[in-house]
Amino acid sequence: MILILLGPPGAGKGTQAKEIARRRNLVQLSTGDMLRAAIAAGSPVGLKAKAIMESGGLVADDIVISIIAERIAQPDCANGFILDGFPRTLPQAAALDDMLRAKKLSLKTVIEMKVDDEVLIDRVSGRFTCANKSCGEGYHDRYKKPRKEGVCDICGSTAFTRRADDNAETMRNRLTAYYKETSPLVGYYFAKGLLQSVDAMAGIGEVGDAMNKLLDAPSGPTAAKSSSK
Ligand code: ADP
Ligand code: AMP
């Protein structure tokens, strides 16, 4: 199964992608995580991406497209993957179509996660993440605390990090980039009959239940029927 979680920064894509990946034996592919790893490693891609990410802009299409192309060729992606944060522009979506077509693969669905802007700012400002690179579980100061304070529920690590771009000012730029560059993908996937939406204002568990219902539904997205004329 190949799916895309589409939504603004802080919508809950990473939170839900991790849970769906665990339940369904899929791989979560977050271009944001991959770029942060490139920055930490001091690689040429990381050097190009650093300032752009700090400002809240989008990294160049050719960079993220080649990162994803390389990653989906890895054997662990054979059972399927969840794209979290990619594609973010129309050229990225077209490149993904080409990559999948070349591999004779197809997208199962694109789930749009809808959240009001004020809530997004509240979500990213309370976000923190397990610092263990092979875990990276996401938490929130109020909405998702570790069961035992200071200890990751998943891997037991006691080290956590906060993202430099999770502040109100950078968030304004990230939201602008989302509405300008990424939101056109809603229409792009609707027209392909692949789009489904969830109300991601609800709690983490409720949003997860809604997504699982969509993923377990025997028939395709309802949008498919109305848009494939
Ligand atoms: P994204 O990957 O879309 O940027 P995250 O999954 O990292 O977003 O979620 C952003 C923050 O909001 C995290 O701290 C996460 O724990 C929290 N969060 C995610 N989903 C919800 C939700 N439905 N309700 C409240 N908080 C949430
Ligand atoms: P995220 O972790 O998804 O919130 O992404 C963090 C930052 O990484 C974004 O604000 C962008 O600067 C960059 N980024 C992540 N994914 C992409 C992408 N698909 N295209 C361009 N830039 C990206």
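My numbering applies: residue -1 is where the sequence shown begins, and numbers increase by one. Beta carbons are placed, not taken as given, at the ideal position from N, Cα and C, and that holds for glycine.
Measuring CA to CA, which of the options is closest to residue i?
| i | options | result |
| --- | --- | --- |
| A198 | L118, I37, I80 and K142 | L118 |
| L24 | L213, G191, N77 and S132 | N77 |
| L88 | P182, D214 and V149 | P182 |
| G206 | P7, K16, G8 and I2 | K16 |
| G30 | L56, D120 and R22 | L56 |
| L192 | E204, L213, A200 and I202 | L213 |
| D139 | E204, R121, D60 and C75 | R121 |
| D115 | A9, G185 and S155 | A9 |
| D95 | K190, S195, A215 and A58 | K190 |
| G44 | G136, T156 and I65 | I65 |
| K142 | R21, G203 and P73 | G203 |
| S28 | A39, T107 and E135 | E135 |
| C128 | R20, G154 and A200 | G154 |
Does the distance from the CB of residue i to the CB of residue j come in under 8 Å?
| i | j | result |
| --- | --- | --- |
| T159 | F126 | yes |
| I239 | I152 | Summary: the structure shown does not reach residue 239, with the chain confined to residues -1 through 227, and so no result is reported for it. |
| A130 | G54 | As written in the sequence, residue 130 is Asn, which differs from the Ala given in the question. No; because the gap between Cβ atoms is not below 8 Å, this pair is not in contact. |
| M97 | K11 | no |
| G249 | V149 | Nothing about residue 249 can be reported from this structure: the residues present for the chain run from -1 to 227 only. |
| Q14 | L1 | no |
| I109 | V184 | no |
| R20 | M(-1) | no |
| T107 | Q194 | yes |
From the DSSP secondary-structure annotation, give me the bridge partner or partners of residue i.
| i | result |
| --- | --- |
| G136 | T127 |
| L3 | D82 and I109 |
| K146 | V149 |
| S195 | E110 |
| T159 | T127 |
| L27 | L81 |
Using a Cβ-based criterion (distance less than 7 Å to any ligand heavy atom), does residue i qualify as near ligand 2?
| i | result |
| --- | --- |
| I50 | yes |
| R125 | no |
| D95 | no |
| G55 | yes |
| Q90 | yes |
Does the beta carbon of residue i fall short of 7 Å from some heavy atom of ligand 1?
| i | result |
| --- | --- |
| P85 | no |
| N13 | Reading off the sequence shown, one finds Thr at residue 13, where the question assumed Asn. For ligand 1, at least one heavy atom lies less than 7 Å from the Cβ of T13. |
| R121 | yes |
| D214 | no |
Check your understanding: Three or more C-beta pairs closer than 8 Å, one from the region 62 to 69 and one from the region 172 to 184: is that the case here?
Key -> no
**Study point:** Any 3 or more C-beta pairs closer than 8 Å across the region 153 to 169 and the region 80 to 89
**Key:** Result no; under three Cβ-Cβ pairs closer than 8 Å.
**Study point:** Cβ pair count under 8 Å reaching 3, the region 46 to 55 against the region 95 to 105
**Key:** no
Exercise for review: Could you tell me whether the region 31 to 38 touches the region 90 to 101, using the rule of 3 or more Cβ pairs below 8 Å?
Suggested key: no
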